[in-house]
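Just so you know, the sequences run in chain order A and B.
My numbering applies: residue 317 is where the first sequence begins, and numbers increase by one.
My numbering applies: residue 317 is where the second sequence begins, and numbers increase by one.
Backbone N, C-alpha and C fix where the C-beta goes; we use that ideal spot for every residue, glycine too.
Remember, predicted model here, so these are calculated numbers, not experimental data.
First up is the structure itself, then whatever we jot down about it.
Number of protein chains: 2
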Amino acid sequence: MSDRSFDHATEAFEFIERLDDLATPQDIVDAMEGSFALFGFENFIITGLPNPKERFDQVVVLKKWPAGWFDIYAKEDYVRADPIIRLCRNTVQPFEWTEAPFDRALEPRAAEVMDRAADFRMRQGFCLPIHGINGYEACLSMSGVDLDLSSRTKPALHLMAMYAFERARQLLSPSIHRGPDLLTPRERETLLWAAAGKSAADTGGILGITERTVTAHIVSACQKLDATNKTQAVARAMQYRLISL
Amino acid sequence: MSDRSFDHATEAFEFIERLDDLATPQDIVDAMEGSFALFGFENFIITGLPNPKERFDQVVVLKKWPAGWFDIYAKEDYVRADPIIRLCRNTVQPFEWTEAPFDRALEPRAAEVMDRAADFRMRQGFCLPIHGINGYEACLSMSGVDLDLSSRTKPALHLMAMYAFERARQLLSPSIHRGPDLLTPRERETLLWAAAGKSAADTGGILGITERTVTAHIVSACQKLDATNKTQAVARAMQYRLISL
DNA sequence: CGCCGACCTGTAATTTCCTACAATATCCTT
DNA sequence: AAGGATATTGTAGGAAATTACAGGTCGGCG
Chain A
317 MSDRSFDHAT
327 EAFEFIERLD
337 DLATPQDIVD
347 AMEGSFALFG
357 FENFIITGLP
367 NPKERFDQVV
377 VLKKWPAGWF
387 DIYAKEDYVR
397 ADPIIRLCRN
407 TVQPFEWTEA
417 PFDRALEPRA
427 AEVMDRAADF
437 RMRQGFCLPI
447 HGINGYEACL
457 SMSGVDLDLS
467 SRTKPALHLM
477 AMYAFERARQ
487 LLSPSIHRGP
497 DLLTPRERET
507 LLWAAAGKSA
517 ADTGGILGIT
527 ERTVTAHIVS
537 ACQKLDATNK
547 TQAVARAMQY
557 RLISL
Chain B
317 MSDRSFDHAT
327 EAFEFIERLD
337 DLATPQDIVD
347 AMEGSFALFG
357 FENFIITGLP
367 NPKERFDQVV
377 VLKKWPAGWF
387 DIYAKEDYVR
397 ADPIIRLCRN
407 TVQPFEWTEA
417 PFDRALEPRA
427 AEVMDRAADF
437 RMRQGFCLPI
447 HGINGYEACL
457 SMSGVDLDLS
467 SRTKPALHLM
477 AMYAFERARQ
487 LLSPSIHRGP
497 DLLTPRERET
507 LLWAAAGKSA
517 ADTGGILGIT
527 ERTVTAHIVS
537 ACQKLDATNK
547 TQAVARAMQY
557 RLISL
């Protein structure tokens, strides 16, 4: 789309100025809908990263998604398979949906979510990972059929998205308390030593407790993280940033 | 500061476009100097966060600072006392220097660094914390005597600073590309399944090879990653971004 | 061609992990 | 005072991982 005629730079900065006057989350959704539409976007969502015990709908901040698609996405738990979400955790820069890699043969669920999204007019997309003080926080993913994505418009969208998210955070701040408290301190500690290559006996010696107790904490963490063993528990804890090396 | 006549929005986006053509870190410094001067800034620095064992000068990425001030700042180790740096670690949003709190009575070193900076024409400032995948990464702090800081110009500066940092990162870190060769495809693959909670036997079934062979790959990866066991190997591989979930 | 590295497989001994069964103590909240 | 979460420890057996031995094919490169 090259024949759209509006000044994306001016639009972006005016959008940001308007944000301060918005009083409710719905106002932000409306403002985003209007401004993003100029770039060809029909849908968007601002969502956090659900840990294994959270449901997708618990971490969604704002959204304008096609009726039905959200229900399907939540019901099928597509957030666990979505290659967009995965790339979000691993990059800082905004990216187009086409840049999120997945293997159709090895990851049928990934292919499924992308294909079904396309059925809801979410064919192309642009995604903006949002990183905070403790790393990955959220992403703003927007999509449509005929997008205006160029090296000139992307920074404008980037800027708009950042400030929209920040405004949403301000308005919703009391309700965004998402939890580093999934794991207890002991569970984090034992996982941390496990990630450092220590056996349960080693960790017991380090922490001054029995090997058996260490195992108990690891097992408890495994249950909370929905992991089948220590290795997966460590991987999950790192993935969800419950521990950091 | 209010009667400057240039279009900050256009300037910001043109600055970003120019960044792609810059080939050396010095080019970026020159470009930043020119564009930031339009807003009244005379000095700026992009610096990482030094851990207790690192010296300040080891983590500076780019800088245009007054002659002498950098030496003083490094020699006095002011980075440990600087209230700007402290606030940087604790906030995501850009802020003015005046917003960084410190207690003149309780923190004489903090007062000292701010006072001495002012002697070098660094009286007012604007600071942008940069958070990456693993949390706090760096900050871009810029300063001058007579700044153009309004709710209209701040987002422009914010945008320019972000993209300038990202461009500098691209130019300065071949370390982003280091790595994918460390592990062989099989080693990555086996670690990936291990991170997914699969046993060696499971992975063997998935990959169509023997449990013994899977173990061999894991052991090989452990040696390369200097890990004592599978769990640590997975943690290291994730830490160094050799595998991603 | 010979060397090297990736890839593949085998046996066997030892260590570590995982699970299932309990049980006690503390702290905090209702 | 009761209930719940956290932290602690025990026994014991089967599953898995780790280590150490040894050997095979294949493709690229000097």
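(request) Can you say whether residue 333 (chain B) is buried or exposed, counting buried as having 16 or more other CB atoms within 10 angstroms of its CB? (result) exposed
(message) Only counting the same chain, and skipping five residues up and downstream in sequence, which positions put a Cβ closer than 8 Å to that of residue 340 (chain B)?
(response) 487
(message) Applying the 10 Å Cβ sphere with the 16-neighbour rule, what's the burial state of residue 389 (chain A)?
(response) buried
(request) Along the alpha helix (DSSP H) that carries residue 501 (chain B), what are the first and last residues, could you check? (result) 501-511
(message) Using the three-state DSSP reduction, which class does residue 349 (chain A) fall into: helix, strand or coil?
(response) helix
(request) Consult DSSP for residue 406 (chain A) and reduce its assignment to one of helix, strand or coil. (result) helix
(request) With distances taken Cα to Cα, identify the nearest neighbour of residue 328 (chain A) among A:386, A:476, A:391. (result) A:476
(message) Can you pull the chain A neighbours of residue 348 (chain B), defined as C-beta to C-beta under 8 Å?
(response) Chain A residues near residue 348 (chain B): none, gap ~16 Å exceeds 8 Å.
(message) I need the DSSP call for residue 491 (chain B), collapsed to helix, strand or coil.
(response) In this prediction, residue 491 (chain B) scores a pLDDT of 43, lower than 50, which makes its location untrustworthy; no coordinate-derived value is stated.
(message) Can you list, in chain order, the residues of its chain with a C-beta nearer than 7 Å to that of residue 502 (chain A)? Leave out the 5 residues immediately preceding and following it.
(response) 533
(message) What does the alpha-carbon distance come out to for the pair residue 494 (chain B) and residue 558 (chain B)?
(response) No answer about residue 494 (chain B) holds up, because its pLDDT of 41 lies below 50 and its placement is not dependable.
(request) Closer than 9 Å, Cβ to Cβ, to anything on chain A: give me those residues from the segment 507-529 of chain B, in chain order. (result) 510, 511, 512, 513, 514, 515
(message) Going by DSSP, what residue range makes up the alpha helix (DSSP H) through residue 441 (chain B)?
(response) Counting along the chain, residue 441 (chain B) falls outside any alpha helix (DSSP H), though it belongs to the beta strand (DSSP E) covering 440-448.
(message) I need the DSSP call for residue 422 (chain A), collapsed to helix, strand or coil.
(response) coil
(message) For residue 329 (chain B), would you say it is in contact with chain A, using Cβ-to-Cβ distances shorter than 8 Å as the test?
(response) yes
(message) How far does the alpha helix (DSSP H) with residue 535 (chain A) in it extend, from its first residue to its last?
(response) 527-541
(request) Can you tell me the Cβ-Cβ gap for residue 561 (chain A) and residue 552 (chain A), rounded? I've got them flagged as a contact below 8 Å. (result) So it is not a contact: roughly 14 Å between Cβ atoms.
(request) Measure the alpha-carbon distance for residue 492 (chain B) versus residue 556 (chain B) and round it to whole angstroms. (result) Model confidence at residue 492 (chain B) stands at a pLDDT of 37, short of 50, so the residue's coordinates are unreliable and nothing is read from them.
(request) Give the straight-line distance between the Cα atoms of residue 547 (chain A) and residue 403 (chain A), rounded to the nearest whole angstrom. (result) 22 Å
(request) Just grab the DSSP bridge partners of residue 459 (chain B) for me. (result) B:359, B:441
(request) Reducing DSSP to helix, strand and coil, say where residue 428 (chain A) ends up. (result) helix
(message) I need the boundaries of the alpha helix (DSSP H) containing residue 375 (chain B), first residue and last residue.
(response) 372-375
(request) Give me the Cβ distance between residue 456 (chain A) and residue 362 (chain A), rounded to the nearest whole Å; I'm assuming they're in contact under 8 Å. (result) 5 Å
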